[in-house]
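Student: For the sequence shown, the residue numbers in this note's numbering are 3 to 330.
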Amino acid sequence: MSKETYIYTTSEEDLKAAAKVLSEGGLVAFPTETVYGLGADAFDPGAAKKAYAAKGRPSDNPLIVHIAKFGDLKRLTAVFDDEKEKRMQRLAEKLSEAFWPGPLTMIFPKRDEVPYETTGGLGTVAVRMPASDATLKLIEYSGTLLAGPSANISGRPSPTSWLHVRYDLDGKIDGIIAGDPCEGGIESTVLDLRTMTVLRPGLITPEMISAVTGEEVTYDKALFEKPSEDPDYHPMAPGQKYRHYAPKAEMRIVPEEKLEARVSEERAKGKKVGFIKKPDAKSFFAKLREFDAQGMDIIFVVPLPEGDSLSFSVMNRVLKSAGYNIEK
Ligand code: TXA
Ligand code: MG
Numbered sequence: 003m004s005k006e007t008y009i010y011t012t013s014e015e016d017l018k019a020a021a022k023v024l025s026e027g028g029l030v031a032f033p034t035e036t037v038y039g040l041g042a043d044a045f046d047p048g049a050a051k052k053a054y055a056a057k058g059r060p061s062d063n064p065l066i067v068h069i070a071k072f073g074d075l076k077r078l079t080a081v082f083d084d085e086k087e088k089r090m091q092r093l094a095e096k097l098s099e100a101f102w103p104g105p106l107t108m109i110f111p112k113r114d115e116v117p118y119e120t121t122g123g124l125g126t127v128a129v130r131m132p133a134s135d136a137t138l139k140l141i142e143y144s145g146t147l148l149a150g151p152s153a154n155i156s157g158r159p160s161p162t163s164w165l166h167v168r169y170d171l172d173g174k175i176d177g178i179i180a181g182d183p184c185e186g187g188i189e190s191t192v193l194d195l196r197t198m199t200v201l202r203p204g205l206i207t208p209e210m211i212s213a214v215t216g217e218e219v220t221y222d223k224a225l226f227e228k229p230s231e232d233p234d235y236h237p238m239a240p241g242q243k244y245r246h247y248a249p250k251a252e253m254r255i256v257p258e259e260k261l262e263a264r265v266s267e268e269r270a271k272g273k274k275v276g277f278i279k280k281p282d283a284k285s286f287f288a289k290l291r292e293f294d295a296q297g298m299d300i301i302f303v304v305p306l307p308e309g310d311s312l313s314f315s316v317m318n319r320v321l322k323s324a325g326y327n328i329e330k
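Below you can see the structure in the form of structure tokens.
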């Protein structure tokens with residue numbers, strides 16, 4: 003069913019109007035510093051279901067809840083009473099002080115009020131405070147908290163401008179807040195506080211988290227493997243098992259010294275070829291969408307050298323969007 007998707011500015015009047023739509027169970031996409039999110043009332047199971055439907059996303063893939071101030075956390079997570087939970091709270095306080103608003107998502111035990119539709123059936127809830135003044139106001143004005151998966155059709159590159167959101171979701175959602183393009187360009191780091199494990203790498207690195215907490219931080223080992231297609235595969239971050247970020251073109255990762263030869267070879271076959279020599283967080287997803295608009299048949303990407311955590315985060319997106327298609 004098609005509906006009119008209203009484009010809101012970031013004026014006070016428009017943010018209030020958009021907040022009202024959200025408080026009534028509607029869907030409005032919002033800007034953040036990472037990628038655009040598809041806002042839905044986190045306490046309304048019907049709104050969460052609509053967000054999954056609009057994206058075409060499997061409903062066992064949990065959503066991140068966006069808050070506007072640290073105090074909002076109490077509305078989502080159970081009271082901290084035992085020692086283990088108190089330790090989590092101390093870590094959360096330090097990390098939120100250092101990185102919120104910003105691209106860090108932390109996982110907590112959920113309160114009963116948070117519906118399983120929002121958490122993809124899990125007993126935990128993922129939370130972050132986005133660094134966008136417009137979106138922080140939107141959350142405040144809505145009177146609720148906002149679930150916000152990336153505002154793209156499931157499987158496509160994440161949207162880093164409101165135009166990408168409109169391209170994917172026009173006619174499927176109630177509105178889009180036309181804010182600035184995203185500065186970060188890749189989604190937030192997802193951290194499991196119980197084990198201090200990074201489930202999804204992002205711009206906040208394990209070293210940065212360690213420096214603030216004094217704790218050892220590791221990567222989930224699923225990040226080093228090609229995701230299994232086995233239906234019984236249940237990684238810690240359920241999102242990891244799905245094909246992600248894919249452009250329409252075929253995508254291949256090639257060593258730098260082979261790039262020129264491969265580009266010429268494919269062009270000689272009459273193919274339209276795009277390439278990225280040095281993928282970076284801010285422009286990678288936008289570049290894939292640009293190549294799609296140009297009707298490229300094949301995209302080559304040169305991998306970043308190993309060893310650096312920010313490069314690791316970018317390469318996580320490159321590998322997924324290329325479907326682990328690596329040429330030697
Ligand atoms: O930067 C971001 O995080 C963006 C912006 C809009 O805030 N949002 C985003 O949401 O990337 P989404 O839904 O596309 O990705 C959510 C990720 C998935 O990989 C999901 O599996 C993981 O977070 N996640 C959410 N809740 C979780 C939980 N309770 N336990 C483990 N992983 C969780
Ligand atoms: Mg996403």
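Ideal Cβ positions, reconstructed from N, Cα and C, are used throughout, including at glycine. Owing to the predicted nature of the structure, the values given are computational and were not obtained by experimental measurement.
Let me check understanding here. Comparing Cα to Cα, which of Arg130, Gly177, Ala133 lies closest to alanine 153?
Tutor: Minimum Cα distance to alanine 153 is reached at Gly177.
Student: Are the stretch 200 to 208 and the stretch 221 to 231 touching by the rule of at least three beta carbon pairs closer than 8 Å?
Tutor: Touching, yes, given that three or more Cβ pairs across the two stretches are closer than 8 Å.
Student: Can the beta-carbon of proline 151 be found closer than 8 Å to that of leucine 40?
Tutor: Contact: yes.
Student: May I ask you to check if the CB of serine 315 is nearer than 7 Å to at least one heavy atom of ligand 2?
Tutor: Checking every heavy atom of ligand 2 against the Cβ of serine 315, none is found closer than 7 Å.
Student: Distance check for leucine 290 and proline 159, CA to CA, integer angstroms please.
Tutor: Their backbone Cα atoms lie some 7 Å apart in a straight line.
Student: So, helix, strand or coil for glutamate 259, using DSSP?
Tutor: Looking at glutamate 259 - three-state DSSP - the assignment turns out to be helix.
Student: CB of arginine 319 to nearest heavy atom of ligand 1: below 7 Å?
Tutor: Flag unset: Cβ of arginine 319 not near ligand 1.
Student: For methionine 253, which beta-bridge partners are listed by DSSP?
Tutor: DSSP output for methionine 253 lists Ile301 as bridge partner(s).
Student: What is the DSSP secondary structure of isoleucine 188, counted as helix, strand or coil?
Tutor: Correct three-state label for isoleucine 188: coil.
Student: For ligand 1, is there a heavy atom less than 7 Å away from the beta-carbon of valine 30?
Tutor: Checking the Cβ of valine 30 against ligand 1 gives no.
Student: Which residues bound the alpha helix (DSSP H) around threonine 137?
Tutor: Looking at the DSSP string, the run of the alpha helix (DSSP H) that includes threonine 137 is 135 to 144.
Student: Taking only three categories from DSSP, how would you classify arginine 130?
Tutor: The answer is strand: DSSP assigns arginine 130 an E or B state.
Student: If you run the structure through DSSP and keep just helix, strand and coil, what is aspartate 43?
Tutor: Looking at aspartate 43 - three-state DSSP - the assignment turns out to be strand.
Student: Any chance the stretch 209 to 223 sits against the stretch 159 to 170, with 3 or more Cβ pairs inside 8 Å?
Tutor: The stretch 209 to 223, when compared against the stretch 159 to 170, does not touch it at the 8 Å Cβ threshold.
Student: Whose C-beta lies closer than 6 Å to the C-beta of isoleucine 175 among residues of the same chain, with five residues either side of it excluded?
Tutor: Excluding sequence neighbours, isoleucine 175 sits near Thr7, Leu29, Ala56.
Student: Suppose you measure from the CA of threonine 137 to the CA of threonine 36; what does that come to, to the nearest Å?
Tutor: Spanning the two alpha carbons is a distance of roughly 12 Å.
Student: Any chance the stretch 125 to 134 sits against the stretch 96 to 113, with 3 or more Cβ pairs inside 8 Å?
Tutor: Short answer: they touch.
Student: The alpha helix (DSSP H) with proline 208 in it runs from where to where?
Tutor: Its alpha helix (DSSP H) spans residues 208 to 215.
Student: Could you tell me which uninterrupted beta strand (DSSP E) segments, each at least 3 residues in length, are contained entirely in the stretch 53 to 91, listed from first to last along the chain?
Tutor: With a minimum length of 3 residues, the continuous beta strand (DSSP E) runs that stay inside the stretch 53 to 91 are 66 to 68.
Student: Measure the alpha-carbon distance for leucine 195 versus alanine 288 and round it to whole angstroms.
Tutor: Each residue's alpha carbon lies about 31 Å from the other.
Student: If we count the other Cβ atoms within 10 Å of its Cβ and call it buried at 16 or more, is proline 64 buried or exposed?
Tutor: Flag for proline 64 reads buried.
Student: Can you give the beta carbon distance from valine 275 to methionine 298, rounded, assuming they're within the 8 Å contact cut?
Tutor: With 8 Å as the limit, valine 275 and methionine 298 qualify as a contact, their Cβ atoms being about 7 Å apart.
Student: Output the boundary residues of the beta strand (DSSP E) element that contains phenylalanine 314.
Tutor: That residue, phenylalanine 314, is in no beta strand (DSSP E); its alpha helix (DSSP H) goes 311 to 323.
Student: Out of curiosity, what's the CA-to-CA distance linking alanine 295 and phenylalanine 277?
Tutor: For alanine 295 and phenylalanine 277, the distance between alpha carbons rounds to 14 Å.
Student: On the DSSP letters alone, give me the boundaries of the beta strand (DSSP E) that alanine 31 sits inside.
Tutor: 30 to 32 is the span of the beta strand (DSSP E), which, as asked, contains alanine 31.
Student: According to the neighbour-count rule (16 or more other Cβ atoms, all chains shown, within 10 Å of its Cβ), is tyrosine 326 buried or exposed?
Tutor: Exposed, since its Cβ has fewer than 16 Cβ neighbours within 10 Å.
Student: Can you give me the C-alpha to C-alpha distance between valine 67 and leucine 148, rounded to a whole angstrom?
Tutor: Rounded to the nearest angstrom, the two C-alpha atoms are 5 Å apart.
Student: Are the Cβ atoms of alanine 270 and valine 303 separated by less than 8 Å?
Tutor: Contact flag unset, no.
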